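Enquirer: So that we are looking at the same thing, I have put the structure below in structure tokens.
In the numbering used here, the protein residues as written are 4 to 293.
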């Protein structure tokens, strides 16, 4: 099993999964994606598109002499494992997406849809400016991660939070100092992320967002269907990827099982590790038992 993290994360994000899966008999591998942690972090945004990133995954399999693997991804990692299933299906035994659904390719570039729906301050739009967001976040990584890894708010508050919640640079720059009341991670875990991003910088992860429209163009005329056995696990309180965004996923992933974890926000692996692990391991046992 190859575990693929999202943004702003690193391989360490799978801390609560690796031992559990290894104990269940799986070879559990988590990597720092290109641009993150201790992996190389080239500046060129073009190297972070779905073709290059999934190419990294096939190269990893080759280097480890693995023919096919089950890929598990969260957040951007979730988007990339679905791309892996579309572009390199021969190297995929199964797919597990946490929070991130697979959506059909829209008729127009995705960034234009996001800007029309949420305005120019949505972080997807602000991240298109080269240099500015990474410089901002690098000014205080500790503040950044304390603002990021927080427990979710109830859905009844969502209407009052949107679209301001999606202005990540503005919240970092102008918002109040984060308190520990809703902090999700322990101090030692926050320290790991801070040190990792001091080493890599923020440009690698933000470059993923600079390829959203490029990835859209790349998929024009390509088959979007995924044939591998797949599991999707959503989080009831995920403000950024609500469970309803996974409606109709079966149109592109026919062999799909879906679950939603109640009372859980976006950082599923930290908030509800036992519940998430149980769902994944049960599915793996049923679909891949020898």
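Backbone N, C-alpha and C define an ideal beta-carbon position, used for all residues, glycine too.
In this text, all values refer to a predicted model and were calculated from it rather than measured experimentally.
(1) Kindly indicate which residue of 156, 116, 166, 101 has the alpha-carbon position closest to the one of residue 124.
(2) Excluding the five sequence neighbours on either side, which residues of its own chain have a C-beta within less than 7 Å of the C-beta of residue 208, listed in chain order?
(3) Return the chain-ordered list of same chain residues with a C-beta closer than 6 Å to the C-beta of residue 32, the five sequence neighbours on each side being excluded.
(4) My output table needs one value for residue 29: the three-state DSSP class, helix, strand or coil.
(5) Let's test the definition: count the other Cβ atoms within 10 Å of the Cβ of residue 68 and tell me whether it reaches 16, buried, or not, exposed.
(6) CA-CA distance, residue 141 and residue 288?
(7) Does the Cβ-Cβ distance between residue 218 and residue 52 come in under 8 Å?
(8) Counting pairs of beta carbons, one from the region 21-35 and one from the region 105-116, are three or more of them closer than 8 Å?
(9) Can the beta-carbon of residue 267 be found less than 8 Å from the beta-carbon of residue 249?
(10) For the structure I just gave you, are there three or more beta carbon pairs, one from the region 115-129 and one from the region 249-262, closer than 8 Å?
(11) Take residue 42 and list the residues in its own chain whose beta-carbon comes closer than 6 Å to its own, dropping the five residues that flank it on each side.
(12) Please state whether DSSP places residue 229 in a helix, a strand or coil.
(13) To the nearest angstrom, report how far apart residue 269 and residue 243 are at their CA atoms.
(14) Based on Cα-Cα distance, which residue from 199, 160, 110 lies nearest to residue 224?
(15) By the 10 Å Cβ neighbour count, where 16 or more other Cβ atoms means buried, how is residue 49 classified, buried or exposed?
(16) How about residue 174 and residue 150: do their beta carbons lie closer than 8 Å?
(17) Can you confirm whether the region 69-77 touches the region 92-102 when touching is taken to mean that 3 or more C-beta pairs between the two stretches lie within less than 8 Å?
(18) List the DSSP bridge partners of residue 44.
Expert: Based on what the coordinates show:
(1) Locating residue 124 in the chain shown gives position 121, where the first residue counts as 1. Selected option, being the one with the closest Cα: 166.
(2) For the purposes of this step, residue 208 is identified with residue 205 of the chain shown, where counting begins at 1. Once the five neighbours on either side are set aside, the close Cβ partners of residue 208 are 10, 11, 38, 39.
(3) Here residue 32 refers to the residue found at position 29 when the chain shown is read from its first residue. In its chain, beyond the 5 residues on either side, 5 have a beta carbon closer than 6 Å to the beta carbon of residue 32.
(4) Taking the first residue of the chain shown as position 1, residue 29 is located at position 26. Residue state, collapsed to three classes: coil.
(5) Here residue 68 is taken as the residue at index 65 of the chain shown, counted from 1. Label assigned to residue 68: exposed.
(6) To locate residue 141, count along the chain shown from 1; it is residue 138. To locate residue 288, count along the chain shown from 1; it is residue 285. Answer to the nearest angstrom: the Cα atoms are 42 Å apart.
(7) Position 215 of the chain shown, counted from the start, is the residue given in the question as residue 218. Position 49 of the chain shown, counted from the start, is the residue given in the question as residue 52. Yes, the pair counts as a contact, with Cβ atoms nearer than the cut-off.
(8) no
(9) Position 264 of the chain shown, counted from the start, is the residue given in the question as residue 267. Position 246 of the chain shown, counted from the start, is the residue given in the question as residue 249. With respect to the 8 Å criterion, residue 267 and residue 249 are not classified as neighbours on the basis of their beta carbons.
(10) No contact exists between the region 115-129 and the region 249-262.
(11) Position 39 of the chain shown holds residue 42. If we look at residue 42 and ignore the five residues flanking it on each side, its Cβ neighbours are 35.
(12) Within the chain shown, residue 229 is the residue found at index 226, counting from 1. Residue state, collapsed to three classes: coil.
(13) Numbered from 1 along the chain shown, position 266 holds the residue referred to as residue 269. Numbered from 1 along the chain shown, position 240 holds the residue referred to as residue 243. Put simply, the backbone Cα of residue 269 is about 7 Å away from that of residue 243.
(14) Here residue 224 refers to the residue found at position 221 of the chain shown. In terms of Cα proximity to residue 224, the closest of 199, 160, 110 is 110.
(15) On the chain shown, residue 49 is found 46 positions in, with the first residue counted as 1. Exposed, by the Cβ-count rule.
(16) Counted from its first residue, the chain shown places residue 174 at position 171. Counted from its first residue, the chain shown places residue 150 at position 147. Cβ distance < 8 Å, so residue 174 and residue 150 count as in contact.
(17) yes
(18) Stepping through the chain shown from its first residue, residue 44 is reached at position 41. Answer is none; residue 44 lacks a bridge partner.
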